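Undergrad: Sending over a structure as structure tokens; questions will come in a sec.
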Amino acid sequence: NLNPQDFKDSFEKENIHQLKEMQTKTEPMTAPFILYHLSKYIGSNSIVFSDIGGVGFSTIRHFITNKNSYYVSPMGYSMGQGVSGCIGGKLACPEKHIFCITGDGAFLMHGNEVLTAVQYNLGITWIIFKEGLYNVVEINQCLAYNGELGFCTQLQNPDYFHLAKAYGVHYFEINTFKDLKIIIAQVKELNLKNESSIIIINYSHSEHLPIKPRAIEFLKDYGQTKDIKSNPYLMRALKKVIQEKV
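Going by our numbering, the first residue of the sequence shown is number 1083, and it counts up by one from there.
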């Protein structure tokens, strides 16, 4: 049986250097460090939903769930499920703080569900990492075509300030680590009043996702390490990944 404390101790031992760096680093605003600090400020008595995509993968890896809290993973679902799924979380557990951590691409798949939260007076916070592209799609395309192709991955964002106003929810924007603590405290207070919020995080998404280890495990699970016929372009790239040293 997996002991949660043993898992926590093992994780901290393996990642001690990164954890120490996260506690003190303030620049640049990259996803791992933002998520580490979000873990602290969101705190206990909360349920955090994340959506599929680059931000979702980073959240799985770097968000640390606190006492009496839950994290709902996006793995295996389609884009947009977390954006609407958090509404179910609030209906099931009205006493908890409900957050959805998502990229802009996933949010725009299902963002109109914010109106459902407003209609039923549900206090929920959507935290949107603004990237302006489908991050994982672009990374996989570049993998498959040796970095030469990023086709139809750019994303045109709306004016989120006016979008939030149209939805009837509060709007916040985060540009520095100093903003995180103040704004998260504010939206938690608003949640208690059954008022929802949209938070836009402007950050550096130049840091590559940990694609290689995940790709290897994916292929092993699905028995694709020998048969590269199902998708010749993608499988060729993933075969190359496997053959490299990790």
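Ideal Cβ placement from N, Cα and C applies to all residues, glycine included. If you're wondering where the values come from, they're calculated on a predicted model, not measured in any experiment.
Return the chain-ordered list of same chain residues with a C-beta closer than 6 angstroms to the C-beta of L1204, the five sequence neighbours on each side being excluded.
TA: Result list for L1204: K1172, in chain order.
Undergrad: For a test of the three-state rule: what should DSSP assign to K1270, helix, strand or coil?
TA: Helix.
Undergrad: Would you say I1146 and K1178 are within 8 angstroms of each other, going by their C-beta atoms?
TA: Against a cut-off of 8 angstroms, the Cβ pair of K1178 and I1146 comes out as no contact.
Undergrad: Report the CB separation of G1187 from G1135 in whole angstroms; it is logged as a contact under 8 angstroms.
TA: Indeed they touch by this definition, with Cβ atoms about 6 angstroms apart.
Undergrad: Provide the residue(s) that pair with E1195 in DSSP beta bridges, ordered along the chain.
TA: DSSP lists no partner for E1195.
Undergrad: Name the residue from K1275, S1286, N1284, Y1285 whose alpha carbon lies nearest to the alpha carbon of I1180.
TA: The option with the nearest alpha carbon to I1180 is K1275.
Undergrad: For G1162, which residues in the same chain have their Cβ closer than 7 angstroms to its Cβ, ignoring the five residues on either side in sequence?
TA: Result list for G1162: D1133, A1188, M1191, H1192, in chain order.
Undergrad: Exposed or buried, what is E1195 when buried is set at 16 or more other beta-carbons lying within 10 Å of its beta-carbon?
TA: The residue is buried, with at least 16 neighbouring Cβ atoms inside 10 Å.
Undergrad: Classify T1184: buried if its beta carbon has 16 or more other beta carbons within 10 angstroms, exposed otherwise.
TA: T1184 should be labelled buried.
Undergrad: Is it buried or exposed, K1260, if we count other Cβ atoms within 10 angstroms and call 16 or more buried?
TA: That one is exposed.
Undergrad: With DSSP collapsed to three states, give me the class of S1286.
TA: S1286: coil per DSSP, three-state reduction.
Undergrad: So, helix, strand or coil for T1184, using DSSP?
TA: Correct three-state label for T1184: strand.
Undergrad: Taking only three categories from DSSP, how would you classify K1172?
TA: If DSSP states are grouped into helix, strand and coil, K1172 belongs with the helices.
Undergrad: Please identify the residue among Q1236, I1206, T1207, H1119 whose C-alpha is closest to the C-alpha of E1220.
TA: Ranking the options by Cα distance to E1220, first place goes to Q1236.
Undergrad: Taking the CB atoms as reference points, tell me whether I1206 and C1168 lie closer together than 8 angstroms.
TA: Cβ atoms of I1206 and C1168: closer than 8 angstroms.
Undergrad: With a threshold of 6 angstroms on Cβ separation, who are the neighbours of Y1152 within its own chain once the five nearest residues in sequence on each side are excluded?
TA: Taken in chain order, the residues that qualify are I1129.
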